[in-house]
């Protein structure tokens, strides 16, 4: 997907074939965290555990840094990367706040106020 | 003969399941969400379906990236609640209806919908949260369930049109099953929400309202809406709404709107719910 209209949507990475291809091992590492012994092994030795997976150095670093947006850029899918959050004891709302650059209370208040408005968030070019 | 008596649509937000399981359903934040389903609980207790065909999506639980079926039908005798990373939800095991499920698989494939047949699958919050919202917290679920999992995680999900037509094919398959069964179809997921990236938290009440209106009155028109419109207007995870079109396709063109409920927020998501019956 080269000139995808989806790329015009701000703050959004479509999990398409390109992302899935580059993110396969990152996502499968995340998938392994569904099992308790693997979560323990990852917590005990994060770098050593990551080295078991044929991920790129940038992907490993993004995981170690818990750089949630960077993981998505490097092919991570939110349903997979959220398994790292669960391992860390973080909720979906907590990482959503981090990814959108606000504190968790600010994010929760935004949701109580009706969520992030679509106005101004439809298009990078704002022509829609 | 088996017959489809109603369609139900509902969001399947995991935090709703967690709130119920942890005894928080009476808290101010959650009270309006659960109250919104009081009508449905009373209604379905009266209606007593024998089987629910539950259309949902797996969230990287039973299906990782190793295998990504577009449409998968659960033909097993039972399906265990999945461990999604913090232990399985304390809800009953889901009992299947293998005879009807296999009949559907056979009919649908010959009707040119190439279903993936699943004989072993744990079911995640996508399936169990709608069960909790509709039936509460019983010792055992009061009906059989045929899980129908749709890929909406890996782009592209099936088109709205394909989903709508699958629903129509499901109606044909069910109606050709010789046992006398009362069948309902649940379409789940949505409504507007985005869980990823700087645009996380997106909600679009106007889009959601228009979707509900059109799903009821003009489903064929709604089925032509392209993916880009869902992602742009209803968020990257709002695309789950195509699954509601499967439920809608299984009902006749003219339906009666028995119930509608809409609430923002449940965690990151707009909650929507419909009960539809043939007019």
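Residue numbers (the numbering used here), protein chains in the order written: chain U, 2 to 129; chain G, 176 to 454.
Where a beta carbon is used, it is the ideal one built from N, C-alpha and C, also for glycine.
For this session: Write down every uninterrupted run of the beta strand (DSSP E) in the stretch 287-327 of chain G whose length is 3 residues or greater and which is fully enclosed by it, in chain order.
Result: Within the stretch 287-327 of chain G, the runs of beta strand (DSSP E) at least 3 residues long that lie entirely inside it are, in chain order, 291-293 and 319-325.
Exercise. Residues in its own chain within less than 6 Å of residue 219 of chain G by CB, not counting five upstream and five downstream?
Worked result: The residue labelled residue 219 of chain G in the question sits at position 44 within the second chain. Once the five neighbours on either side are set aside, the close Cβ partners of residue 219 of chain G are 309.
Exercise. Do you know how far the Cα of residue 89 of chain U is from the Cα of residue 450 of chain G?
Worked result: Taking the first residue of the second chain as position 1, residue 450 of chain G is located at position 275. Taking the first residue of the first chain as position 1, residue 89 of chain U is located at position 88. Each residue's Cα considered, the two are about 39 Å apart.
Problem set entry | Cβ-based neighbour list, residue 411 of chain G, same chain, cut-off 7 Å, excluding 5 preceding and 5 following | In the second chain, residue 411 of chain G corresponds to position 236, counting from 1. Excluding sequence neighbours, residue 411 of chain G sits near 369 and 371.
For this session: Return the residues of the stretch 264-295 of chain G that lie within a Cβ-Cβ distance of less than 7 Å from chain U, sorted by chain order.
Result: Per Cβ criterion, the list is empty.
For this session: Please say whether residue 192 of chain G and residue 300 of chain G have beta carbons closer to each other than 7 Å?
Result: For the purposes of this step, residue 300 of chain G is taken as residue 125 along the second chain, with counting starting at 1. For the purposes of this step, residue 192 of chain G is taken as residue 17 along the second chain, with counting starting at 1. Yes, they are a contact pair.
Problem set entry | Contact with chain G by residue 128 of chain U, beta-carbon distance below 7 Å | Counting from one through the first chain, the residue named residue 128 of chain U turns up at place 127. The pLDDT assigned to residue 128 of chain U is 49, lower than 50, so where the model puts this residue is not dependable; a value taken from the coordinates is nonetheless given after this. Residue 128 of chain U does not count as touching chain G.
Problem set entry | Cβ-based contacts, 8 Å cut-off: residues of the stretch 198-223 of chain G near chain U | Taking 8 Å as the Cβ-Cβ cut-off, the stretch 198-223 of chain G has no residue approaching chain U.
For this session: Give the secondary structure of residue 252 of chain G by DSSP, where H, G and I count as helix, E and B as strand, and everything else as coil.
Result: Residue mapping note: residue 252 of chain G aligns to position 77 of the second chain, counting from 1. Residue 252 of chain G: coil per DSSP, three-state reduction.
Problem set entry | As assigned by DSSP and simplified to three states, the class of residue 364 of chain G | Looking up residue 364 of chain G in the second chain gives position 189. Annotated three-state conformation of residue 364 of chain G is coil, per DSSP.
Problem set entry | Cβ of residue 122 of chain U within 7 Å of any chain G Cβ | Translated into positions along the first chain, residue 122 of chain U becomes position 121. Put simply, the CB of residue 122 of chain U is near chain G, with a gap under 7 Å to one of its CB atoms.
For this session: Anything in the stretch 93-124 of chain U with a Cβ closer than 7 Å to a Cβ of chain G? List those residues in chain order, please.
Result: Sequence-ordered contacts of the stretch 93-124 of chain U with chain G read 93, 94, 97, 100, 101, 102, 108, 111, 112, 113, 115, 116, 117, 119, 122 and 123 [C-beta pairs closer than 7 Å].
Exercise. Using DSSP with H/G/I as helix, E/B as strand and the rest coil, what is residue 449 of chain G?
Worked result: Here residue 449 of chain G refers to the residue found at position 274 of the second chain. DSSP, read as helix, strand or coil, puts residue 449 of chain G in strand.
Problem set entry | Residues bridged to residue 258 of chain G (per DSSP) | If you number the second chain from 1, residue 258 of chain G lands on position 83. The partner list for residue 258 of chain G (beta bridge, DSSP) reads G/263.
Problem set entry | residue 445 of chain G beta carbon less than 7 Å from that of residue 383 of chain G | Numbered from its first residue, the second chain carries residue 383 of chain G at position 208. Numbered from its first residue, the second chain carries residue 445 of chain G at position 270. Judged by their CB atoms, residue 383 of chain G and residue 445 of chain G are nearer to each other than the 7 Å cut-off.
Exercise. Is residue 115 of chain U helix, strand or coil when you go by DSSP?
Worked result: As a position in the first chain, residue 115 of chain U is number 114, starting the count at 1. Secondary structure at residue 115 of chain U: coil, using DSSP grouped into helix, strand and coil.
For this session: Output yes if chain U places a C-beta closer than 7 Å to the C-beta of residue 447 of chain G; else output no.
Result: Numbered from 1 along the second chain, position 272 holds the residue referred to as residue 447 of chain G. Residue 447 of chain G is outside the set of residues whose beta carbon lies under 7 Å from a beta carbon in chain U.
Problem set entry | Interface residues of the stretch 12-35 of chain U facing chain G [CB-CB below 9 Å] | Residues of the stretch 12-35 of chain U that bring their beta carbon within less than 9 Å of a beta carbon in chain G comprise 12, 13, 14, 15, 16, 17, 18, 20, 21, 24, 25, 28, 29, 31, 32, 34 and 35, in sequence order.
For this session: State buried or exposed for residue 104 of chain U, treating a residue as buried only when at least 16 other CB atoms are found within 10 Å of its CB.
Result: On the first chain, residue 104 of chain U is found 103 positions in, with the first residue counted as 1. Residue 104 of chain U is exposed by the Cβ-count criterion.
For this session: Please compile the residues from chain G whose C-beta is within a distance smaller than 9 Å of the C-beta of residue 78 of chain U.
Result: Taking the first chain and counting its residues from 1, one reaches residue 78 of chain U at position 77. Taking a Cβ-Cβ threshold of 9 Å, the residues of chain G close to residue 78 of chain U are 235, 240, 328, 329 and 371, in chain order.
For this session: Within 10 angstroms of the Cβ of residue 398 of chain G, are there 16 or more other Cβ atoms? Answer buried if so, exposed if not.
Result: Here the question's residue 398 of chain G lines up with position 223 in the second chain. Its Cβ being crowded by 16 or more others within 10 Å, residue 398 of chain G is buried.
Exercise. When the Cα atoms are used, what is the spatial distance from residue 65 of chain U to residue 75 of chain U?
Worked result: Here residue 65 of chain U refers to the residue found at position 64 when the first chain is read from its first residue. Here residue 75 of chain U refers to the residue found at position 74 when the first chain is read from its first residue. Approximately 14 Å, taken between the alpha carbons.
Exercise. What are the partner residues of residue 436 of chain G, as DSSP defines its beta bridges?
Worked result: Taking the second chain and counting its residues from 1, the one referred to as residue 436 of chain G is at position 261. Answer by DSSP bridge pairing, in chain order: G/448.
Exercise. Less than 6 Å between the CB of residue 337 of chain G and some heavy atom of the ligand SAH, yes or no?
Worked result: As for the ligand SAH, it is missing from this structure, which has no ligand bound.
For this session: Label residue 223 of chain G either buried or exposed according to how many other C-beta atoms from any shown protein chain fall within 10 Å of its C-beta, with 16 as the threshold for buried.
Result: The count along the second chain starts at 1 and reaches residue 223 of chain G at position 48. So residue 223 of chain G counts as exposed.
Exercise. Can residue 327 of chain G and residue 232 of chain G be called in contact, C-beta distance under 7 Å?
Worked result: For this step, residue 327 of chain G is matched to residue 152 along the second chain. For this step, residue 232 of chain G is matched to residue 57 along the second chain. Yes.
For this session: Answer yes or no: does any C-beta atom of chain G fall closer than 7 Å to that of residue 91 of chain U?
Result: In the first chain, residue 91 of chain U corresponds to position 90, counting from 1. Among the residues facing chain G, residue 91 of chain U is not included, as its CB has no counterpart in that chain under 7 Å away.
Problem set entry | Selection of the stretch 352-386 of chain G by Cβ proximity to chain U, strictly under 9 Å | From the stretch 352-386 of chain G, only 367, 368, 369, 370, 371, 372, 373, 374, 375, 376, 377, 378, 379, 380, 381 and 382 have a Cβ closer than 9 Å to chain U.
Exercise. When DSSP labels each residue in this structure, what does residue 231 of chain G get in the three-state scheme?
Worked result: As a working note, residue 231 of chain G is residue 56 in the second chain. Of the three classes helix, strand and coil, the one that applies to residue 231 of chain G here is strand, per DSSP.
Problem set entry | Rounded straight-line distance, which links the Cα of residue 322 of chain G to that of residue 422 of chain G | Within the second chain, residue 422 of chain G is the residue found at index 247, counting from 1. Within the second chain, residue 322 of chain G is the residue found at index 147, counting from 1. C-alpha of residue 422 of chain G to C-alpha of residue 322 of chain G: approximately 13 Å in a straight line.
Problem set entry | residue 8 of chain U (DSSP reduced to helix, strand or coil) | If you number the first chain from 1, residue 8 of chain U lands on position 7. When secondary structure is reduced to three states using DSSP, residue 8 of chain U falls in the helix class.
For this session: Just the C-alpha distance for residue 260 of chain G and residue 33 of chain U, rounded to the nearest angstrom, thanks.
Result: Position 85 of the second chain holds residue 260 of chain G. Position 32 of the first chain holds residue 33 of chain U. Answer to the nearest angstrom: the Cα atoms are 10 Å apart.
Problem set entry | C-beta neighbour in chain G for residue 43 of chain U, strict 7 Å | Locating residue 43 of chain U in the first chain gives position 42, where the first residue counts as 1. Taking Cβ atoms only, chain G never reaches closer than 7 Å to residue 43 of chain U, which makes this a no.
For this session: Check the Cβ of residue 407 of chain G against every Cβ in chain U and list those closer than 7 Å, keeping chain order.
Result: Within the second chain, residue 407 of chain G is the residue found at index 232, counting from 1. Counting only Cβ-Cβ distances below 7 Å, residue 407 of chain G has contacts in chain U at 10 and 123, in chain order.
Exercise. From which residue to which residue does the alpha helix (DSSP H) around residue 59 of chain U run?
Worked result: For this step, residue 59 of chain U is matched to residue 58 along the first chain. Residue 59 of chain U -> alpha helix (DSSP H) spans 58-65.
Exercise. For residue 314 of chain G, which residues of its own chain have a beta-carbon under 8 Å away from its beta-carbon, when the five flanking residues on both sides are left out?
Worked result: Translated into the one-based positions of the second chain, residue 314 of chain G becomes position 139. 267.
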